[in-house]
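Engineer: Everything in the sequence shown is counted per full-length UniProt numbering, starting at 1 for the first residue and increasing by one.
Every residue, glycine too, gets a C-beta built ideally from N, C-alpha and C.
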Amino acid sequence: LDNLSNGSLENIRDVLGSIEFIKGDIRDKNVVEGALKGVDAVVHLAALIDVAESVEKPELYLDVNVNGTFNVARASRKVSAFIFASTCAVYGEPVRIPIGEDHPLSPKSPYAATKIAGEAFVQAYGNLYGYRPVILRLFNVYGPRQSKAYAGVITEFVKRATIGEPPIIFGDGEQTRDFVHVRDVAKAIIKALETNNASGIYNIGSGVAITINDLAHLILKLAGKENIEPRHGPPRPGDIKHSQANINRAKMELGYNPSVSLEEGIKEILNLGKK
């Protein structure tokens with residue numbers, strides 16, 4: 001089930017013949033009810049995810065991320081497991097690094113607030129219906145074919161470096177992020193589905209942090225554009241300063257083990273851009 005507002009059928013053309021694809025919106029209760037008939041488990045990834053946009057359009061984020069998630073959770077009365085993609089943004093500015101799942105929640109944007117509400121609905125309906133709720137708090141996900149509308153910083157930096165333009169860093173660039181490749185995220189989702197006793201909240205990241213300044217210079221180096229210097233712009237509202245996941249719980253309980261290094265992942269995106 002996807003409304004294709006950001007995705008493309010081209011990305012799944014190789015499997016379209018072996019799956020049932022439904023074009024629809026999670027805000028449409030009837031569409032959601034129909035899509036979940038006969039389903040054993042739910043993997044709920046649908047959301048709007050732009051922090052800055054959520055500051056400008058909070059009502060839209062409330063509608064999609066909260067009302068939409070409410071619809072999906074409410075319609076999941078007969079499933080055995082519900083995997084929900086949440087975000088590290090729920091932690092806000094961390095009081096300790098690395099961030100464990102027991103870290104206090106302190107949202108700094110409407111986006112983060114909507115994901116906290118989504119988590120609550122997933123857990124509430126899990127308690128009501130008896131399904132197994134698994135909440136994956138994803139850190140900074142990157143990888144090939146990231147949509148233009150919500151391209152992350154790596155995709156943006158690679159795009160600019162490839163055409164010989166400087167990466168634009170918001171703020172002083174000393175903010176840190178924990179980047180996790182989309183393949184590792186997909187593996188974590190599969191582990192969450194297959195691990196029958198898995199329940200609750202898990203951080204999904206690489207467990208390694210890098211400053212945005214160092215990221216920009218790494219991408220320029222890998223792109224062969226070391227002569228270019230990044231440019232700096234004003235900080236963005238709602239952005240946090242530091243982020244790094246403690247992934248011990250996911251490792252121990254899910255068998256999660258991220259395998260794609262940051263350099264390897266960046267090279268993959270650069271090589272795809274050359275094709």
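For the alpha helix (DSSP H) that contains THR155, what are its first and last residues?
Structural biologist: Its alpha helix (DSSP H) spans residues 153-162.
Engineer: Are ILE189 and ILE22 closer than 9 Å when you measure CB to CB?
Structural biologist: Result no, Cβ atoms of ILE189 and ILE22 do not sit closer than 9 Å.
Engineer: Could you tell me whether the Cβ atoms of GLY233 and GLY171 are closer together than 9 Å?
Structural biologist: Contact flag set, yes.
Engineer: Three-state secondary structure (DSSP) at LEU254?
Structural biologist: Helix.
Engineer: Quick check: the region 153-163 against the region 263-270, are there 3 or more CB pairs under 8 Å?
Structural biologist: A contact exists between the region 153-163 and the region 263-270.
Engineer: Report, in whole angstroms, the separation of the C-beta atoms of VAL39 and VAL72, which I expect to be a contact under 8 Å.
Structural biologist: Not really, about 11 Å apart at Cβ, beyond 8 Å.
Engineer: With a 10 Å radius around its C-beta and 16 neighbouring C-beta atoms as the bar for buried, classify PRO235 as buried or exposed.
Structural biologist: Its Cβ having fewer than 16 others within 10 Å, PRO235 is exposed.
Engineer: Where does GLY143 land, buried or exposed, given buried means 16+ other C-beta within 10 angstroms?
Structural biologist: When all chains shown are included, GLY143 counts as buried.
Engineer: What three-state label does DSSP hand GLY233 in the structure shown?
Structural biologist: Residue state, collapsed to three classes: strand.
Engineer: Decide if ASN127 is buried, meaning its Cβ has at least 16 other Cβ atoms within 10 Å, or exposed.
Structural biologist: Exposed is the call here.
Engineer: Starting from ASN140, follow the beta strand (DSSP E) in both directions and report where the run begins and ends.
Structural biologist: Here the beta strand (DSSP E) through ASN140 covers 140-142.
Engineer: Are there 16 or more other CB atoms within 10 angstroms of the CB of ASP178, so buried, or fewer, so exposed?
Structural biologist: Under this definition ASP178 is a buried residue.
Engineer: Determine which residues share a DSSP beta bridge with PHE170 and list them.
Structural biologist: According to DSSP, PHE170 bridges with GLY233.
Engineer: Judging by CA-CA distance, which residue of LEU9, THR211, ALA161 is the nearest neighbour of LYS274?
Structural biologist: The shortest Cα separation from LYS274 among LEU9, THR211, ALA161 belongs to ALA161.
Engineer: Which same chain residues end up closer than 6 Å to GLY68 when comparing Cβ atoms and leaving out the 5 residues on each side of it in sequence?
Structural biologist: Only ILE26, ARG27 meet the Cβ criterion.
Engineer: So within the region 165-216, which uninterrupted alpha helix (DSSP H) runs reach at least 4 residues, ignoring any that extend past its ends?
Structural biologist: The region 165-216 contains these whole alpha helix (DSSP H) runs: 182-194.
Engineer: When you compare each of SER206, ARG249, ALA113 to ASP50 by their alpha carbons, which one comes out closest?
Structural biologist: The residue with the shortest Cα to Cα distance from ASP50 is ALA113.
Engineer: What residue does the beta strand (DSSP E) around ALA85 start on, and which one ends it?
Structural biologist: Where ALA85 is concerned, the enclosing beta strand (DSSP E) stretches over 81-87.
Engineer: Run through DSSP, which three-state label would ARG132 get?
Structural biologist: Residue state, collapsed to three classes: strand.
Engineer: Using the three-state DSSP reduction, which class does ASP2 fall into: helix, strand or coil?
Structural biologist: Here ASP2 sits in strand by DSSP.
Engineer: Quick check: what's the CA-CA separation for PRO230 versus TYR131?
Structural biologist: Between PRO230 and TYR131, the C-alpha separation is close to 48 Å.
Engineer: Is the Cβ-Cβ distance between LEU218 and ILE210 less than 9 Å?
Structural biologist: Yes.
Engineer: Comparing C-alpha positions only, which one of LEU138, SER76, TYR91, SER8 sits nearest to LYS29?
Structural biologist: For the residues LEU138, SER76, TYR91, SER8, the minimum Cα distance to LYS29 belongs to SER76.
Engineer: Using the Cα positions of LYS108 and GLY17, report the straight-line distance between them to the nearest angstrom.
Structural biologist: Going by the C-alpha atoms only, they are around 42 Å apart.
Engineer: So is LEU262 in contact with chain B if we call contact Cβ pairs under 9 Å?
Structural biologist: The structure shown has no chain B; it contains just one protein chain.
Engineer: Which one of LEU215, PRO133, LEU138, ALA223 has the shortest CA to CA distance from ALA41?
Structural biologist: Closest by alpha carbon: PRO133.
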